[in-house]
Amino acid sequence: MMTPEPAHGAIGLDPQACTSCMLCVRECPTWCIELGSHTEEVSDPGARRPRTVNVLDSFAIDYGLCMYCGICIEVCPFDALAWSPDAADPTADPGGLVLGIDQLRGWFATPSDS
Amino acid sequence: MRLAGEPVIVVELTHLSLACCALEVEAALREGLMPEEPDGPPGAARDVDGHVLLVAGTVTEALVPAVRAAWERLPEPRFVMSFGACANSGGPYWDASTVRSGVDRDLPVGAYVPGCPPRPDSLAAAIRSLLGSTAQRMPA
Amino acid sequence: MTAVGAGAPPGPGAAIPEVPASAWEQALRELSEAGFDCLDFLTAVDRGHCRQVIARIRRSADWQAAMVSTQVAAAAPVLASATGVFPGASWHERETAEMFGIEFEGLADSRPLLLRAQPAKPPLLRGEFLPARVARPWPGAAEPEVGADGRRAGNPSRRRQRPLGVPDEPAQGRP
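In the order they appear, the protein sequences are chains A, B and C. Quick note on our numbering: the first sequence kicks off at 28 and runs consecutively. Quick note on our numbering: the second sequence kicks off at 14 and runs consecutively. Quick note on our numbering: the third sequence kicks off at 47 and runs consecutively.
And the structure:
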C-alpha cells in the first residue's frame, strides 16, 4: 500500500522541548490533548533567587478525537510537536487510542519533512 | 471481498458511506482488497469469515435509526468497524448537537480506526484485527 | 418590489433587501413571477431583539441570485411559510424552525429534521451553548501545580482561562 511521504500520519512530541505552556491544549479544536505538569525551583549558580520552571509530567493525545489539523504543531513556540509518517493502529478499545508520552516520543524521532 | 495475506480473510463489507471517509474507504478497497464473486443475493448467508458494518463518516442524530437498522439486518458473525474520527467520537463535530459523539453509543464497535481520514492500510489492518482469529479456525 | 435583488449579485457585506414580515410571502411571489424560480436557501439569524429570516432565490435562466429578508419579533417568532410559492422551502423551514424556534404558518410538514430530541431552547439562538462543551471538562483549564512555597508560577492574579463557547463561571463569593 502506498502512503505518500511526507505523511501527516500522527503527531509526535519531544518531551525535552515541551515547556508545559498549554498553548497546544488550549488551541486544540477537539480538546483532544491532555497535559499534566508541576513547577519546580531551579537554582542557577550566581543567581540571587531560584527561578521557577514547569516540569512536564504527562502528555496524551486522544487519536479517537484528533482531526489532524496540525494547529497544535503550528502554535508550539518550541517546536516540541511534529508530524510523523507513522500512524496510530486500530484498536478494539477506544481508550487504546489515547496515546501518551512514550508513544509520542517515539514518533517525534521519525518526523515528516513537513 | 477477499483480503490477501495469512490467513486469507473473506469478508462481506456493508459500507455505510456517511461522509468524506467513505471516499477513503473506496480508495483503500481498490488498492488493498480483491472483490469476491457474488454467490448469492445481498445479505444472504455466505461462506464468509464475517460480516462487517463499516461506519465511515459522521453519524448524525437523524441517521442513528438508519445505522441501527443496517446493523440489525446483518447476519452473524457480524462486527462493527468505526472508521475515522467522526465515527469514533464525533471528531471535528464532537460538540455539535446534531452529531452523535461516536457510533459506539449505539452499536458494539469491535474496531476503532483512528485518522481524519485513516490511511488506506489501516482498513485492512482493522479487518484483520476483527476476523484474523476467526479465519484461522475456519477450514481452508 | 421589482428592485429586490435585481442587478449584480450581493457581495459580502452588502445589505440584503428587507420587507415587512406581513409582505414576506408576497415578496417571494413577486420574485418567482420575475423568473426567480429556484429557492437556493432559506435560513435565519438571531439578532437579539428580532430574528432575521433570509432567502436566496436563483433565476434558472441565468443563475442570477436575489436575496430578500424580513424580521420577526423574538417574543413572537411567527412567519408565513414560503412553501406556497416554493414547495422546496419545506426542508429549509423545518431546519429553521428547529434551530431558531421560528414558527412557519402554513408549513405542512412539521417533523423534526436534524435533531431527534428537541432541546428546551432552539440551539442556534445566541446565548445558547453547545451542551457538550459545557458538560465536558476542558483540558486547557489545567495549570501547573502550585509550587512548594505556595506561589503559583506566572501571574497569580491572572484570570482563569476559559474555553471558547462556554458560559463564564458565575461569580463566586457574591450574594
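Think of the CB as a built atom: it goes at the ideal place given N, C-alpha and C, for glycine as much as any other residue. None of these values were measured; they are calculated from a predicted model.
Using a C-beta to C-beta distance shorter than 8 Å, which residues of chain A count as neighbours of residue i?
i, result
"V126(B)", "P117"
"S135(B)", "A114, D116 and P117"
"A139(B)", "P117"
Assuming contact is defined by CB atoms lying nearer than 8 Å, are residue i and residue j in contact in what I supplied?
i, j, result
"L62(A)", "P127(B)", "no"
"V151(C)", "A143(C)", "According to the sequence as given, residue 151(C) is Glu; it is not Val. No. Outside cutoff."
"A115(A)", "A44(A)", "no"
"D117(B)", "P104(A)", "no"
"P56(A)", "E68(A)", "no"
"P117(A)", "A41(B)", "no"
"E25(B)", "P133(B)", "no"
"R97(C)", "A120(C)", "yes"
"G70(B)", "A100(B)", "yes"
"A90(C)", "F132(C)", "no"
"V23(B)", "V72(B)", "no"
"S102(B)", "L92(A)", "yes"
"A178(C)", "S114(B)", "yes"
"S111(A)", "G39(A)", "yes"
"L66(B)", "W84(B)", "yes"
"G186(C)", "P209(C)", "yes"
"C99(A)", "I60(A)", "yes"
"V118(C)", "A80(C)", "no"
"T129(C)", "A101(C)", "no"
"I103(C)", "D92(C)", "no"
"R81(B)", "D119(B)", "yes"
"W109(C)", "W58(A)", "no"
"S64(A)", "P190(C)", "yes"
"L16(B)", "I140(B)", "yes"
"L76(B)", "L31(B)", "yes"
"P165(C)", "S110(B)", "yes"
Name the two residues that bound the continuous alpha helix (DSSP H) containing residue i.
i, result
"M145(C)", "A135 to F146"
"E71(C)", "W70 to E79"
"C99(A)", "I98 to V102"
"G133(A)", "I128 to F135"
"A83(B)", "V77 to E85"
"L50(A)", "L50 to E54"
"A178(C)", "P177 to A181"
For a contact defined as C-beta to C-beta under 7 Å, what are the partners of residue i on chain C?
i, result
"D108(B)", "L176, A178 and R179"
"S64(A)", "P190"
Taking Cβ-Cβ distances shorter than 7 Å, what residues in chain A pair up with residue i?
i, result
"G186(C)", "M49, V52 and R53"
At a CB-CB cut-off below 9 Å, which residues of chain B make contact with residue i?
i, result
"L124(A)", "N101, S102, Y125 and P127"
"G91(A)", "S95, A98, N101, S102, G104, G115, Y125 and P127"
"R162(C)", "E74, A75, V77 and P78"
"L159(C)", "A75"
Run through chain C and tell me which residues come within less than 8 Å of residue i, C-beta to C-beta.
i, result
"E61(A)", "P185 and A188"
"W58(A)", "R182, W184, P185, G186 and P209"
Locate the beta strand (DSSP E) running through residue i, then write down its first and last residues.
i, result
"C82(A)", "A small fix is needed here, since residue 82(A) is Val in this sequence, not Cys. First-last of the beta strand (DSSP E) with V82(A): R78 to D89."
"R162(C)", "Run containing R162(C): none; DSSP gives neither H nor E here."
"E68(A)", "I60 to V69"
"C84(C)", "C84 to D92"
"R172(C)", "That residue, R172(C), is in no beta strand (DSSP E); it is neither H nor E in DSSP."
"A100(B)", "Where A100(B) is concerned, there is no enclosing beta strand (DSSP E), although the alpha helix (DSSP H) it sits in stretches over A98 to S102."
"A126(C)", "V124 to A126"
"R75(A)", "Counting along the chain, R75(A) falls outside any beta strand (DSSP E), and DSSP gives it neither H nor E."
"T116(C)", "Q110 to A119"
"G39(A)", "A37 to L40"
"V8(B)", "Here chain B has residues from 14 to 153 only, and residue 8(B) is not among them."
"H28(B)", "I22 to S30"
"I100(C)", "C96 to R105"
"G123(B)", "V122 to V126"
"E109(A)", "Note on residue identity: the sequence assigns Ala, not Glu, to residue 109(A). Where A109(A) is concerned, the enclosing beta strand (DSSP E) stretches over L108 to S111."
How would you list, in chain order, the residues of chain B whose beta-carbon sits under 8 Å from the beta-carbon of residue i?
i, result
"L171(C)", "Residues of chain B passing the Cβ test: none, with the nearest at roughly 12 Å."
"P165(C)", "S110"
"P72(A)", "Near P72(A) there are no residues of chain B at all, since even the closest Cβ is about 47 Å away, more than 8 Å."
Cβ closer than 7 Å: which chain B residues qualify as neighbours of residue i?
i, result
"T79(A)", "Within chain B, no residue comes near T79(A); the closest Cβ sits about 35 Å away, beyond 7 Å."
Give the residues of chain A in contact with residue i, contact being defined as C-beta atoms less than 9 Å apart.
i, result
"S142(B)", "D116, P117, T118 and A119"
"Q207(C)", "M49 and R53"
Would the C-beta of residue i count as close to the ligand GDP, meaning under 7 Å from any of its heavy atoms?
i, result
"E76(C)", "No copy of the ligand GDP appears in this structure; indeed no ligand is present at all."
Check whether the segment 156-168 of chain C and the segment 86-95 of chain B touch, using three or more Cβ-Cβ pairs below 8 Å as the test.
no
Residues of the segment 65-93 of chain B whose Cβ lies closer than 9 Å to any Cβ of chain C, in chain order:
T73, E74, A75, V77 and P78
Within 8 Å, do at least three Cβ pairs link the segment 108-118 of chain C to the segment 129-139 of chain C?
no
Using 8 Å as the cut-off, can you tell me whether the segment 46-58 of chain A makes contact with the segment 78-88 of chain A, which would need three or more C-beta pairs spanning the two stretches below that distance?
yes
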